[in-house]
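Letter by letter, the sequence shown follows residues 723 to 873 in the numbering used here. Positions of the beta carbon are idealized from the N, C-alpha and C atoms, including for glycine. None of these values were measured; they are calculated from a predicted model. Below is one structure, written out as structure tokens, with a few remarks after it.
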Amino acid sequence: MHRRSFLMSVAAVAVASPLRAETFEVTLTEAEWRAKLTDMQYRVLRQAETERAGTSPLNDEHRKGTFFCAGCDLPLFSSGTKFDSGTGWPSFFEPLPNAIGTKADPGVFGDRTEVHCRRCGGHLGHVFSDGPQPTGLRYCMNGAALKFRAT
């Protein structure tokens, strides 16, 4: 009986489509990420945690400038696309071109779409379809995953 179960398990793995891990331009060891990032940045960017609503100073950032990935410094969002979503997290209606990647994020309360930095894979937040025009999207980002530079 054990042999049959083993063979069936091997066959199932062989037939199943392989899981494809996304590769990124910027890759560091976990120790290097921990040395580079603050504790909160590490937990958000590398472990996909969510900071508490209303805790990021970037939520109240209204100057003209650009929001960058805190992990690899890739420009992600223009301040011209930021809006007050009332959620307690910095929100944008559109990322910069070639800045982000997305993937399905199934959860207890339904499916969401996770947003990550396309260069280092750092978790940024989620995108929802309840944003303002012209896109109708709300990129709800963790402030700990971002850095801002005024122009």
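Around the C-beta of Lys825, fewer than 16 other C-beta atoms lie within 10 Å, and the residue is accordingly described as exposed. For Asp761, the uninterrupted alpha helix (DSSP H) segment begins and ends at Asp761 to Leu767. For Lys869, there is no enclosing alpha helix (DSSP H); the enclosing beta strand (DSSP E) covers residues Leu868 to Ala872. For Arg834, there is no enclosing alpha helix (DSSP H); the residue is part of the beta strand (DSSP E) that begins and ends at Gly832 to Cys839. For the set Arg871, Gly810 and Ala867, the Cα lying nearest the Cα of Gln769 is the one of Ala867.
By the neighbour-count criterion, in which a residue is buried when 16 or more other Cβ atoms sit within 10 angstroms of its Cβ, Lys804 is buried.
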